[in-house]
Amino acid sequence: MTFDDSWRAVSVVPPLAAGEVHVWCEDLSAASPWPPADVLSSEERAQATRMLAPGRREAFVRGRSALRLLVGMYLDIPAARVAVRLLEKGKPVIDHPGEAPPLSVSVAHSGSVLAVAVTRAGDVGVDVENEARTVDRMAIARRFFTEAESASVESLGVSAFFALWAHKEAMLKAAGDGLTVPLSEVEFRIDGRAAPKLRRVPPSYGTVGDWTTRPLATAPSMAGAIAVRGGISSVHCLRWTGAFVSS
Ligand SMILES: CC(C)(COP(=O)(O)OP(=O)(O)OC[C@H]1O[C@@H](n2cnc3c(N)ncnc32)[C@H](O)[C@@H]1OP(=O)(O)O)[C@@H](O)C(=O)NCCC(=O)NCCS
């Protein structure tokens, strides 16, 4: 996997200023295993055991280990001591009393790509989608997108479809709903090659102005997006090259 040039390789976790979003990205198919350690809690291990598809189980174990190892470095505590709690619909949150403003995190997998977003700016969601996947994009758009979005997918094609999907899913993950809320409840407008612009959110999400979304270029043929409930100053795309402290 060739990552976009904008991803900065680091061996020290950079300071995370109030409005910044850090997105960590890794290719899990690479020869050396990443992350190197399995640092799951006993509940997480049991959760992994219940996952019947081996690919899903491995993605979960490596994604959750990466989340723990990365968050441990922000909080300066061992990965095994990071308290990851799941909200009612599955959004992972970090319980670390005294951390103000709190860290918000989100995890996404697509094929071998893993993305982990970390910020103090507000609830965050990240999504990555492999554009090379074969999908009946018009059938999906007509079923799950708004009429205006479907029309854009029809005229703009496959990259518009995946860009819209990633932006919508990032919003629903930031809000903690995942796909329990219809994708059409969050509407974007997309023109040409410009990034999708948020147009409408359900009343429970506040107003459009409460949210920030950004496209995420991870690798060729991968669409991606982040969404934050709040304003942000910058997004830093990072790849970890240092050692991990697991205990
Ligand atoms: C969240 C969801 C959109 C993820 O979709 P996906 O495209 O298959 O997977 P992604 O790789 O993009 O994201 C998966 C990650 O999202 C996170 N996630 C799961 N549920 C989430 C939610 N409600 N909100 C935010 N993030 C969520 C998890 O960290 C998960 O990774 P992990 O299990 O390996 O830690 C989808 O799983 C979903 O909506 N699930 C609904 C949950 C549900 O119905 N729960 C029933 C209880 S009400």
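Counting in the working numbering, the sequence shown tops out at residue 572, every number present.
Beta carbons: idealized from backbone N, C-alpha and C, even for Gly.
Does the distance between the C-beta of residue i and the nearest non-hydrogen atom of ligand 1 fall short of 7 Å?
i       : result
Thr-543 : no
His-561 : no
His-434 : yes
Ser-509 : no
Asp-452 : yes
Pro-527 : no
Glu-413 : yes
Asn-505 : Inspection of the sequence shows that residue 505 is occupied by Thr rather than by Asn. Because some heavy atom of ligand 1 lies under 7 Å away, the Cβ of Thr-505 counts as near it: yes.
Ala-373 : no
Leu-428 : no
Asp-363 : no
Glu-494 : yes
Asp-502 : yes
Pro-417 : yes
Gly-390 : Inspection of the sequence shows that residue 390 is occupied by Ser rather than by Gly. Ser-390 Cβ: outside cutoff for every heavy atom of ligand 1.
Leu-497 : yes
Ser-437 : no
Ala-404 : no
Ala-476 : no
Ala-384 : yes
Ser-431 : yes
Terminal residues of the continuous beta strand (DSSP E) containing residue i?
i       : result
Leu-563 : 559-565
Asp-448 : From DSSP, Asp-448 is part of no beta strand (DSSP E); its letter is neither H nor E.
Ser-435 : 429-435
Ala-425 : Ala-425 -> no beta strand (DSSP E), and no H or E assigned at all.
Val-337 : No beta strand (DSSP E) contains Val-337, which DSSP labels as neither H nor E.
Note the first and the last residue of the continuous alpha helix (DSSP H) segment covering residue i.
i       : result
Leu-481 : 472-481
Arg-468 : 462-469
Quick check on this structure: which residue in the options has the alpha carbon closest to the alpha carbon of residue i?
i       : options                            : result
Glu-606 : Ala-495, His-492, Glu-494, Asp-461 : The requested residue 606 does not occur in the structure, where the chain is confined to residues 326 to 572.
Ala-550 : Pro-417, Ala-391, Gly-534, Ala-499 : Ala-499
Ala-485 : Leu-497, Met-496, Phe-470          : Phe-470
Arg-564 : Ala-343, Arg-370, Leu-353          : Leu-353
Ile-557 : Val-438, Phe-487, Thr-444, Gln-372 : Thr-444
His-492 : Glu-472, Ala-343, Arg-514, Leu-395 : Arg-514
Gly-531 : Met-496, Val-338, Arg-539, Leu-365 : Met-496
Ala-542 : Ala-519, Val-533, Ser-529, Val-526 : Ala-519
Trp-359 : Ala-446, Glu-351, Leu-365          : Glu-351
Val-418 : Pro-426, Glu-424, Ala-408          : Ala-408
Arg-458 : Gly-436, Pro-528, Arg-406          : Gly-436
Met-547 : Leu-489, Ser-367, Leu-377          : Leu-489
His-434 : Val-449, Val-453, Arg-406, Pro-422 : Val-453
Val-441 : Pro-340, His-347, Pro-403, Ala-362 : His-347
Ala-552 : Gln-372, Ala-544, Cys-562, Arg-539 : Arg-539
#### Entry: Contained alpha helix (DSSP H) runs [length at least 4] in the region 339-412, N- to C-terminal order
367-374, 379-400
### Message
To test your reading of the DSSP string, which unbroken beta strand (DSSP E) runs of 3 or more residues are found completely within the region 484-557?
### Response
512-514, 522-525, 536-540, 547-554
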